Every structure is written in C-alpha cells, then in structure tokens.
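Those sequence lines, one after another, are chains A and B.
Counting with our numbering, you get residues 1 to 393 for the letters of the first sequence.
Counting with our numbering, you get residues 394 to 786 for the letters of the second sequence.
Don't be surprised by glycine CBs; every beta carbon is placed ideally from N, CA and C.
Since we're looking at a predicted model, the values are computed, not measured.
Let me begin by presenting the structure, written as structure tokens, before commenting on it.
2 protein chains.
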Amino acid sequence: MSTDSVQTGNGAGQLFQLLRDGTPRTRAELAKSTGLARSTVAIRVDELMRMGLITPVADAVSTGGRPPSQFAINPAAKVVVAADIGASHATVAIVDLAGTVLAETGSALDVALGPVPVLTWLVDGARGLLSSVERSVSDVVAMGIGVPGPVEHSTGQPVNPPIMPGWDRFDIPGWIFEHMPVPVLVDNDVNIMALGEQGSAWPGVEHLMFVKVATGIGTGIISDGRLQRGAQGIAGDIGHVQVARGADIPCQCGNRGCLEALASGPAIARALRAQGIEAHSGSDVVDLVKRGNIDAIQAVRQAGRDIGEVLTTCVSLMNPSVIAVGGSMARVGEHLIAGVREVVYSRSTPLATEYLSIVQSVEAEKAGVRGASMLAIEHALSPESLSTAFLPA
Amino acid sequence: MSTDSVQTGNGAGQLFQLLRDGTPRTRAELAKSTGLARSTVAIRVDELMRMGLITPVADAVSTGGRPPSQFAINPAAKVVVAADIGASHATVAIVDLAGTVLAETGSALDVALGPVPVLTWLVDGARGLLSSVERSVSDVVAMGIGVPGPVEHSTGQPVNPPIMPGWDRFDIPGWIFEHMPVPVLVDNDVNIMALGEQGSAWPGVEHLMFVKVATGIGTGIISDGRLQRGAQGIAGDIGHVQVARGADIPCQCGNRGCLEALASGPAIARALRAQGIEAHSGSDVVDLVKRGNIDAIQAVRQAGRDIGEVLTTCVSLMNPSVIAVGGSMARVGEHLIAGVREVVYSRSTPLATEYLSIVQSVEAEKAGVRGASMLAIEHALSPESLSTAFLPA
Chain A
1 MSTDSVQTGN
11 GAGQLFQLLR
21 DGTPRTRAEL
31 AKSTGLARST
41 VAIRVDELMR
51 MGLITPVADA
61 VSTGGRPPSQ
71 FAINPAAKVV
81 VAADIGASHA
91 TVAIVDLAGT
101 VLAETGSALD
111 VALGPVPVLT
121 WLVDGARGLL
131 SSVERSVSDV
141 VAMGIGVPGP
151 VEHSTGQPVN
161 PPIMPGWDRF
171 DIPGWIFEHM
181 PVPVLVDNDV
191 NIMALGEQGS
201 AWPGVEHLMF
211 VKVATGIGTG
221 IISDGRLQRG
231 AQGIAGDIGH
241 VQVARGADIP
251 CQCGNRGCLE
261 ALASGPAIAR
271 ALRAQGIEAH
281 SGSDVVDLVK
291 RGNIDAIQAV
301 RQAGRDIGEV
311 LTTCVSLMNP
321 SVIAVGGSMA
331 RVGEHLIAGV
341 REVVYSRSTP
351 LATEYLSIVQ
361 SVEAEKAGVR
371 GASMLAIEHA
381 LSPESLSTAF
391 LPA
Chain B
394 MSTDSVQTGN
404 GAGQLFQLLR
414 DGTPRTRAEL
424 AKSTGLARST
434 VAIRVDELMR
444 MGLITPVADA
454 VSTGGRPPSQ
464 FAINPAAKVV
474 VAADIGASHA
484 TVAIVDLAGT
494 VLAETGSALD
504 VALGPVPVLT
514 WLVDGARGLL
524 SSVERSVSDV
534 VAMGIGVPGP
544 VEHSTGQPVN
554 PPIMPGWDRF
564 DIPGWIFEHM
574 PVPVLVDNDV
584 NIMALGEQGS
594 AWPGVEHLMF
604 VKVATGIGTG
614 IISDGRLQRG
624 AQGIAGDIGH
634 VQVARGADIP
644 CQCGNRGCLE
654 ALASGPAIAR
664 ALRAQGIEAH
674 SGSDVVDLVK
684 RGNIDAIQAV
694 RQAGRDIGEV
704 LTTCVSLMNP
714 SVIAVGGSMA
724 RVGEHLIAGV
734 REVVYSRSTP
744 LATEYLSIVQ
754 SVEAEKAGVR
764 GASMLAIEHA
774 LSPESLSTAF
784 LPA
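So this is what it looks like as structure tokens:
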C-alpha cells in the first residue's frame with residue numbers, strides 16, 4: 001500500500017490498521033498513535049463500531065478515575081469469499097476476517113470450459129455456502145480468486161493464459177460484480193499459494209518462494225514481505241526456463257528443454273512410460289512412488305534435481321530464506337525435495353544457502369484458498385477500501 | 394516504508410511527504426489531505442519552516458477574501474553526502490534534496506586497504522567538498538554509501554564481502570558517525586546503481602534490473618518499485634550461477650563454470666590471452682574492441698550470450714520491463730548487449746519479452762553516486778526520520 005493512500009485516508013482507515021493486530025486499544029492510545037485529534041478519534045471509533053468492524057472489550061486497568069473503554073477488531077463482523085480455480089478442480093470457501101474458514105466446497109471443474117460456466121459455479125457455490133453459515137451477500141466485503149494463468153493484477157484480467165481458452169482479457173471482477181456485488185481480487189494461483197503458505201506457516205518470513213510442481217511448474221515470490229508480480233503479472237513463471245539435460249525434449253510451448261517438459265507430473269509419467277512402466281499422469285507417478293517403485297523414485301529425484309538447477313539461479317537472484325515445495329507432485333514426499341536440495345546446496349554460494357530452508361509446503365492443497373482469503377481480507381481492511389467502500393463521503 | 398511508521402508519525406512527516414512532489418499547497422489543503430486538525434497543521438508547518446525544509450511561495454489565486462499562503466519544499470535547505478566505493482576507485486559528492494550534484498571528487502582507492510583508510514578518505518573528501526560549496530556538516534541530513542559487497546542493510550555492515558578484506562561486520566555507520574555525526578545508509582554498489590539508473594532514466598518503471606559487468610558481475614533488482622535486497626542482503630548476486638559452457642573453467646570462488654569466470658572483464662581478457670592476444674584486464678578488452686579487433690568483439694559477444702543465459706531465468710522469475718547493462722565492460726558498446734539480447738529473446742517466453750527493453754545504462758559511471766544520494770535523500774525525508782531526527786520530542 002502506498003504512503004499516499006494512508007495520508008489521504010480519512011482517519012478511520014488508520015485507526016483500523018492499528019486495531020488489526022488484535023490488541024485492544026483505548027481512544028487515547030489511538031489518538032496518540034495516529035496523531036489525530038481526540039475529537040476526530042471519537043467520531044471514527046463510532047463509525048467503525050456502527051459498521052461492526054470493531055467492538056468494545058473489557059476495560060483497561062484503571063490508572064485512577066474512570067477507566068477508559070478499549071476497542072478491538074471483531075473478526076466475525078464480515079466475511080470474504082475465497083476461491084482457488086485450478087486446471088481441473090476448483091474450491092470456494094467463506095472465511096472470516098481472522099482467516100478462519102467457515103465453510104468450503106470443491107468440485108472437479110475444467111477451467112477450459114471458459115469463464116462463464118466456471119464463474120457461475122463459483123458464484124452459485126459462494127451463495128450456497130453463505131446460506132449454510134447463515135450469512136448474506138451484504139456480509140461479504142471482498143472476494144479473492146486464484147486462477148491457473150498470468151493475471152494483470154490491477155484489472156483482474158487473465159493475459160494470454162496458455163491453459164485457459166476463452167479467458168484472455170476476460171473481465172472477471174466485472175462479471176462477478178454483476179452477479180454478486182463485491183470487490184473482486186484476482187491473482188495467479190501460485191501467487192495466492194505463496195501468500196497462503198507464508199501467512200499460515202511462515203508469518204515472520206519476508207523472503208519466501210513457493211514452488212508448485214503439478215501439471216505445470218511455477219513459483220510465487222514473496223520478497224521484502226510483498227508478493228512480486230512483475231511488470232506483466234508473470235513473475236515466477238519458471239516452467240519454461242531451459243535445463244541443460246533436456247536439450248532434445250520438446251515442450252508444448254514450442255521450445256525445447258523447458259523445465260516443465262522434464263520435471264512436471266506428466267513429464268515424469270512420460271519418461272516412465274518410455275521405460276515401459278505404466279504411468280499416465282502425475283497422480284500415477286505419485287502412486288508408484290508411494291508403492292516404492294524404484295524407477296519412479298529415481299525419476300522423481302531427477303525431476304527434483306532439474307527443478308533445483310533452475311532454483312539455484314532463483315536463490316542467487318532473490319536470496320530467499322524459505323523455499324516451500326507444493327503442488328500435487330509434492331505428495332511424493334521427500335524424494336522430490338531431496339533432488340532439489342542436492343543441487344541447490346551444492347551449486348549455490350555458501351552465503352546464499354547458509355540460512356536457506358528448502359521444505360515441503362505445510363499448507364499443501366489448502367494454500368490456494370488460504371491465500372485467496374488473505375488477498376480479499378487485505379484488500380477489504382486496507383485504508384483505501386475503508387475510506388471508499390465503508391464510510392460515508 | 395511501513396504503514397505503521399506513517400501512522401505513528403507526528404504529522405510533520407505526513408505534511409512533508411505530501412509537499413515532496415514540489416507542488417505548493419495551502420494549510421487548508423494540507424489539513425484536508427492528511428485529516429489532521431487545522432491547528433495541528435499550523436504548528437507542523439511552522440516547524441518545517443523553522444527547519445528550512447519548506448518555504449512560503451507565491452500566494453494561491455484568491456477565491457475572495459485574503460488569499461491563503463502556500464508552501465513548497467525547499468531543495469537547497471539541506472544536502473546529503475553520496476559515496477560510491479568500488480573495488481579500486483571511490484567517488485564522493487554533495488547533493489541537494491532535489492538530487493542536483495553540487496560538488497564531486499573521485500580517486501583511485503583500493504577497497505582492500507580496509508575500512509579505516511577508505512572511510513577516512515571519504516569523510517575528509519566530504520568535508521572538503523562541503524567547504525567548497527560553503528556548506529557545513531550541520532547542513533548534511535544523511536549520507537548514502539555503496540560498497541562492492543553484500544551488506545546487511547539494517548545495520549549497514551558488510552557481511553562476508555569476498556573482495557573487501559577487513560570489512561566483514563565493520564560498523565560503517567558507527568565509524569562515520571564518530572567522524573561526521575549524520576545518519577548513514579549503506580548498500581551494495583549494484584543496488585545503488587539500480588536505484589540511480591531507475592531514478593534518473595526510468596522514473597516511471599517499477600520493474601528494472603541493473604546488470605553490472607566489470608571485474609565481477611552482479612545485478613540490482615527493483616521490483617514493484619522497491620529495491621529487493623533478499624534475506625541476507627545478497628539478492629542479485631548472479632556472478633556465481635553456473636553456465637553450461639563453462640563446466641571446466643575454475644572460478645576464484647572455488648566452484649566451476651560460474652558466470653563471472655566466463656564473462657567478467659578479467660575472464661574475457663584471460664580467454665583472449667589463451668588465443669595469444671595481449672589483454673590483461675577488462676580495460677584492455679574494451680580498448681581492443683574499440684580498435685575493431687575481431688577476436689575481442691567475438692569474445693565480448695560470447696560473454697553477452699553467457700550473461701543472457703543467466704538473465705533468461707531472471708526474466709522468467711522477475712518479469713522486469715527494463716534490463717539496463719552497465720559497469721566498466723558496458724563501454725564496449727552494443728557488442729555485449731547484442732549477445733545478451735540474442736539469448737534472452739530466443740530463450741524466454743514471448744509473454745515475458747513482449748514489453749522487455751534490454752538497454753545500455755544511461756547513467757553509466759554516474760549511477761552509483763546518484764543512487765547513493767537517492768538512498769540518503771529518501772531516508773532523510775521519510776516520516777520516521779522527520780519525526781525522530783528533526784523534530785523536538
């Protein structure tokens with residue numbers, strides 16, 4: 001958030017930002033922290049209370065005389081809708097302002113059906129969940145959506161998404177708003193996974209890379225505490241970086257030797273089939289590994305090394321302190337990570353790896369929905385949003 | 394800068410942040426924009442005037458009645474000291490708050506002499522320049538310094554800097570403060586070059602990589618409008634990424650095939666010597682290229698390709714819109730950049746390169762001092778700084 005937006009806020013946003021940490025504060029403390037006049041603070045506190053976003057809590061210890069009232073955030077006041085749309089599966093959830101999932105549903109759903117059927121499922125699903133938890137659309141302050149392709153974050157439009165036919169430049173926020181009038185934030189699915197993983201498993205870590213290994217391979221980058229999207233919203237898209245070992249292997253992108261053509265779930269399955277092993281998908285590979293098939297374990301380990309080769313450059317470039325490996329292929333367990341570690345730790349400078357953890361994603365399949373909810377909550381509780389969406393002009 | 398720091402500022406910082414854009418504003422406009430009480434604004438404006446940071450300007454057009462006074466930033470009020478310490482050369486300058494260089498001096502100076510001789514030269518140089526422009530130490534609001542190694546930005550201490558013996562964990566800000574009592578900001582030299590290049594040549598660009606090609610090879614990364622330093626302050630350190638072509642070439646870091654061992658100035662000179670051509674330094678290579686030596690031109694072009702190989706991953710990862718190539722080897726002109734472009738444009742995804750410019754640094758040798766001054770000005774004019782350094786408690 002820019003400094004300007006704070007400066008031009010009307011005060012309620014500032015107060016609310018302070019209260020978001022959950023610590024109860026008095027009017028006097030709020031006035032002191034913000035530099036706002038006591039009279040202004042009193043008015044803003046009343047506004048936030050009327051909106052239900054803050055509530056009075058047990059009084060502070062008396063310092064003599066009548067103890068002043070304290071206020072704190074009310075996490076149940078409002079909810080957000082969080083959705084994770086994958087290539088072939090989608091999830092939608094209702095989440096409160098503290099990040100607690102109140103209700104969730106998922107379905108097999110092909111993103112290639114195009115935006116209208118997919119978003120219709122999403123809006124219908126959200127409505128169903130809202131009634132199941134006895135909330136209404138008017139309780140929804142924002143919706144966060146992750147989609148499996150590049151997104152122009154400012155407009156929420158997918159841009160040239162390779163596996164999302166019909167979605168190019170589709171106005172997702174505009175369409176949703178017509179069917180459910182709430183602000184909508186859209187981002188790439190790996191970006192929201194990075195947000196979700198950091199928010200729940202690594203809250204103090206400011207430099208984290210989330211690596212999704214599934215049908216495709218991509219990363220979500222949090223640097224300096226912020227999600228890095230890049231100039232066209234495609235930062236982290238390492239699936240088509242070339243890997244030396246793969247010089248002869250064609251990729252569906254038209255190039256050769258791309259990481260995705262070597263180390264994704266379908267690529268590992270293809271390599272195993274070439275060895276005469278029955279494997280038609282990443283899921284088959286996971287099953288083989290879990291059954292202890294040596295060829296599958298070796299193939300997964302080599303995929304880890306290939307991913308590690310690309311991540312070595314990422315480590316030098318971004319100097320993260322955590323690399324979390326997730327996505328459906330991470331279900332193979334330590335074999336994939338072992339390959340990643342083997343290459344990253346041997347090839348990077350000691351300075352870059354001294355404090356680097358390369359670990360399995362803790363949130364795993366839940367990272368997407370959690371990140372989408374964080375995107376929505378962050379937006380809903382930002383001073384800009386408070387001053388434009390909630391408050392009288 | 395964090396939202397908290399704005400919120401906990403005492404108001405003068407907020408006013409000053411608004412006025413930094415150079416637009417004159419009235420007290421009423423300042424009160425409206427900040428949400429501060431009129432009486433508070435009046436007090437803060439007086440404080441900033443007393444400090445000389447803002448001055449009254451021509452009155453606004455009257456809207457009937459007595460026209461209100463307007464205020465704007467006074468760029469000549471204070472100065473910063475900006476220093477760029479390279480491996481074998483150092484520059485120090487006095488710069489005003491608008492970024493204009495008032496005086497500058499440079500000298501051959503070996504950073505390996507250690508911190509005390511180098512910083513003594515710096516402080517003495519700064520004092521000399523200050524008197525030459527008739528300013529005193531009390532006019533200096535901050536000092537920015539770039540050094541050729543990794544820096545822990547929060548403390549200003551170099552951390553395991555490979556080419557700076559004696560500097561490891563040396564308290565640069567503490568030592569300087571004893572000899573010139575001003576706040577000191579220290580950063581890696583390539584980071585400040587990225588800041589300088591962006592600030593002067595690409596002010597609207599939020600995603601820029603500055604690539605320094607000299608004795609070493611490194612990048613400074615600006616993403617989302619902010620310098621990215623990484624968890625240990627070594628983000629951008631791509632000199633020791635391995636390049637396929639160099640598998641047999643030993644690097645001084647102890648590894649093999651590092652980018653720096655193939656494409657730095659000394660590495661190109663070494664490759665030319667192996668062909669029987671007299672070249673002992675990067676500077677010799679530049680001279681050969683300028684005289685049209687075909688072998689030297691081919692070697693430089695190949696170095697560009699090697700750098701391009703690593704930058705291809707960087708482009709996928711960071712999705713920048715500008716890559717500016719600088720450092721002493723950039724003086725060879727288009728041959729180096731042509732090699733970089735050849736590889737990056739053929740190997741990256743079309744989406745990542747559609748709007749990507751790969752260009753020669755515009756600031757060239759000046760980027761370091763300019764970036765160091767920006768670091769210092771940014772710090773001096775931040776709300777935190779205004780509330781702690783300038784204002785009565």
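| Item | Value |
| --- | --- |
| Rounded to whole angstroms, what is the Cα-Cα separation between B/Gly764 and A/Leu227? | 24 Å |
| In chain B, what lies closer than 8 Å to A/Val151 by C-beta? | Chain B residues near A/Val151: none, gap ~12 Å exceeds 8 Å. |
| My guess is that A/Leu130 and A/Val123 are in contact by the Cβ rule of under 8 Å, so how many angstroms apart are they, rounded? | A/Leu130 to A/Val123, Cβ: 11 Å. No contact. |
| What residues of chain B sit near A/Asn74, judged by a beta carbon separation below 9 Å? | Chain B residues near A/Asn74: none, gap ~20 Å exceeds 9 Å. |
| Is A/Ile217 helix, strand or coil when you go by DSSP? | strand |
| Could you check the C-alpha separation between B/Ser426 and A/Asn255 for me, to the nearest Å? | 53 Å |
| Closest to A/Ala401 by CA distance: which of A/Gly52, A/Ala376, A/Leu19 is it? | Since the displayed chain A opens at 1 and closes at 393, residue 401 of chain A lies outside it and no answer follows. |
| Kindly provide the ranges of any alpha helix (DSSP H) runs that are 4 or more residues long and lie completely inside the region 324-361 of chain A, ordered along the chain. | 334-347, 350-353 |
| Could you tell me which residues DSSP puts in a beta bridge with A/Pro158? | A/Val151 |
| Which residues does DSSP list as the beta-bridge partners of A/Ala103? | A/Ile94 |
| Compare the C-alpha of A/Thr395 against each of A/Thr353, A/Pro173, A/Asp96 and name the closest. | Beyond the ends of chain A as shown, which are 1 and 393, falls residue 395 of chain A; an answer cannot be given. |
| In three-state DSSP terms, what is B/Gly589? | helix |
| Which value, in whole angstroms, describes the spacing of the CA atoms of B/Gly732 and B/Ala692? | 10 Å |
| Could you tell me which residues DSSP puts in a beta bridge with B/Ala501? | B/His482 |
| Inspect the beta-carbon positions of B/Gly697 and B/Ile661 and report whether they are closer than 8 Å. | no |
| Across which residues does DSSP place B/Gln635 in a beta bridge pair? | B/Cys651 |
| Would you call B/Arg443 buried or exposed, if buried means 16 or more other Cβ atoms sit within 10 Å of its Cβ? | exposed |
| Bridge partners for B/Ser616 per DSSP, in chain order? | B/Arg619 |
| What is the C-beta distance between A/Thr91 and A/Gly368, in whole angstroms, given that I count them as a contact (C-beta under 8 Å)? | 7 Å |
| Return the CA-CA distance between A/Ile270 and A/Val205, expressed in angstroms with no decimal places. | What sits at residue 270 of chain A in the sequence shown is Arg, not Ile. Distance between the alpha carbons of A/Arg270 and A/Val205 is about 37 Å. |
| Counting only beta-carbon separations shorter than 8 Å, does A/Gly204 have a partner in chain B? | no |
| Using the rule of at least 16 other Cβ atoms within 10 Å of the residue's Cβ for burial, across every protein chain shown, is A/Glu260 buried or exposed? | buried |
| Using a Cβ cut-off of 8 Å, which residues of the region 139-170 of chain A contact any Cβ in chain B, in chain order? | Pro150, Val159, Asn160 |
| Since A/Val123 is in the alpha helix (DSSP H), which residue starts that stretch and which ends it? | 115-132 |
| Are at least three pairs of beta-carbons, each pair with one atom in the region 232-240 of chain A and one in the region 285-302 of chain A, less than 8 Å apart? | no |
| Based on the DSSP output, what are the partners of A/Gln70 in its beta bridges? | A/Thr26, A/Val57 |
| Could you pull out every residue in the same chain whose Cβ sits closer than 8 Å to the Cβ of A/Gly257, ignoring the five residues on either side in sequence? | Gln242, Val243, Ala244, Arg245, Gly246, Ala247, Asp248, Ile249, Cys251 |
| Just reading off the alpha helix (DSSP H) that B/Val678 is part of, what are its end residues? | 675-683 |
| Does the beta-carbon of B/Ala667 have 16 or more other beta-carbons within 10 angstroms, so that it is buried, or is it exposed? | exposed |
| Among the residues of its own chain, which have a CB less than 6 Å from the CB of A/Val310, if the five just before and after it don't count? | Ile238, Val241, Leu259 |
| Which bits of chain A does B/Arg825 rub up against, with CB to CB less than 7 Å? | Because chain B here runs from 394 to 786, residue 825 of chain B falls outside it and cannot be looked at. |
| At least one CB of chain A closer than 8 Å to the CB of B/His728: is that the case? | no |
| Starting from A/Leu381, follow the alpha helix (DSSP H) in both directions and report where the run begins and ends. | Element bounds for A/Leu381: n/a, residue is neither H nor E. |
| Per DSSP, which residues does A/Phe210 bridge with? Please list them. | A/Gly220, A/Ala324 |
| Does A/Pro250 get closer than 8 Å to chain B when you measure Cβ to Cβ? | no |
| Comparing the C-beta of A/Ala235 with each C-beta of chain B, is any distance below 8 Å? | yes |
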